[in-house]
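For reference, the structure discussed in these notes is given below.
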Amino acid sequence: MTETPTAVHYRAYLLAYDLEKEDLYDRTRTAFLTRAGVLTELALRGNIADDDGDAVLVKSDPTGDPVLDRVLAQIGNEKRSWKSWLRHDYKETLDAIEEQLVEQKLLTVEEKKVLGLVPKTHVTVTDPALAKALQEHAVEVLHGSTPASQVGADDAALVALAAAGTVPSVVTRKESKGEYKERIEELTDRVGEVAPGLEKALRGIRLTMIAAQGGLGFSG
Numbered sequence: 013m014t015e016t017p018t019a020v021h022y023r024a025y026l027l028a029y030d031l032e033k034e035d036l037y038d039r040t041r042t043a044f045l046t047r048a049g050v051l052t053e054l055a056l057r058g059n060i061a062d063d064d065g066d067a068v069l070v071k072s073d074p075t076g077d078p079v080l081d082r083v084l085a086q087i088g089n090e091k092r093s094w095k096s097w098l099r100h101d102y103k104e105t106l107d108a109i110e111e112q113l114v115e116q117k118l119l120t121v122e123e124k125k126v127l128g129l130v131p132k133t134h135v136t137v138t139d140p141a142l143a144k145a146l147q148e149h150a151v152e153v154l155h156g157s158t159p160a161s162q163v164g165a166d167d168a169a170l171v172a173l174a175a176a177g178t179v180p181s182v183v184t185r186k187e188s189k190g191e192y193k194e195r196i197e198e199l200t201d202r203v204g205e206v207a208p209g210l211e212k213a214l215r216g217i218r219l220t221m222i223a224a225q226g227g228l229g230f231s232g
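By the working numbering, the letter at position 80 of the sequence shown is numbered 92, and the numbering carries on one by one without gaps.
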């Protein structure tokens, strides 16, 4: 098995990979979830923090990760709400994450045309066992009996992201509204311990996605 990435944004990407159809389950939703993953990773590292609902730069030292450093440079130039930063540049962030996963030999990317006309990006995870292990771990966190307060902030954030975007490898919409609703709430609360504004943005991520798509809803 290839070395497992530890950063939230890379793990979020692999959670959103559909192993059965061998592609992302939804490219737009994955773009939002990985953008949120980048903000979460920066908050966990102490590079950015919450200031009355806004994300502010705390530490501008390079992280060594081109994706994180790119977003750090953006935040360093202006003050915005977490929700605004979540919507900002999300498609380009997804592309940047894929570039890094390709460099890490965890992904291959191929540009195709559907019916010879419509461009489509097709991605293939090079180590399905690694993606499956990450997905199973997230399910274990969601289904587990470990108190949310004792779950690592990164694992809690990943489950919160998966639930917000209804990532089918982790949780269905029915589960998120039913038997696991309370557990998801508790895990999402853990994000608030790091950055309250980020927690609020995650809770509203579905509406943010719909608004960014011009009112287009999502099924599933």
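Don't be surprised by glycine CBs; every beta carbon is placed ideally from N, CA and C.
Nearest-angstrom beta carbon gap, residue j and residue i [assumed within contact, 8 Å]
i	j	result
L106	T52	Incorrect: roughly 15 Å between the Cβ atoms, too far for contact.
L26	L146	5 Å
A169	V20	6 Å
S72	L56	About 16 Å; that fails the 8 Å criterion.
C-alpha gap between residue i and residue j, whole angstroms
i	j	result
P140	L31	7 Å
G232	E111	Low confidence applies here, because G232 scores a pLDDT of 34, under 50, leaving its location unreliable; read the following figure in that light. Roughly 28 Å separates the two Cα atoms.
A24	L129	30 Å
T75	D81	6 Å
A2	V79	A question about residue 2 goes unanswered here, because the residues of the chain that appear run from 13 up to 232.
T158	D167	12 Å
P17	E115	12 Å
L118	E15	9 Å
I196	K124	37 Å
Where the beta strand (DSSP E) containing residue i begins and where it ends
i	result
V68	D66 to L69
A61	I60 to D63
Beta-carbon spacing of residue i, residue j below 8 Å
i	j	result
Y22	A143	no
V163	L199	yes
Endpoints, the alpha helix (DSSP H) within which residue i is located
i	result
H149	P140 to H155
P78	P78 to N89
H21	V20 to L27
Determine contact between the stretch 81-100 and the stretch 209-216, defined as no fewer than three beta-carbon pairs at a distance below 8 Å. yes
Decide if the stretch 129-137 is in contact with the stretch 165-175; the criterion is three or more beta carbon pairs, one per stretch, under 8 Å apart. no
Does the stretch 53-71 come close enough to the stretch 82-92 to have 3 or more Cβ pairs within less than 8 Å? yes
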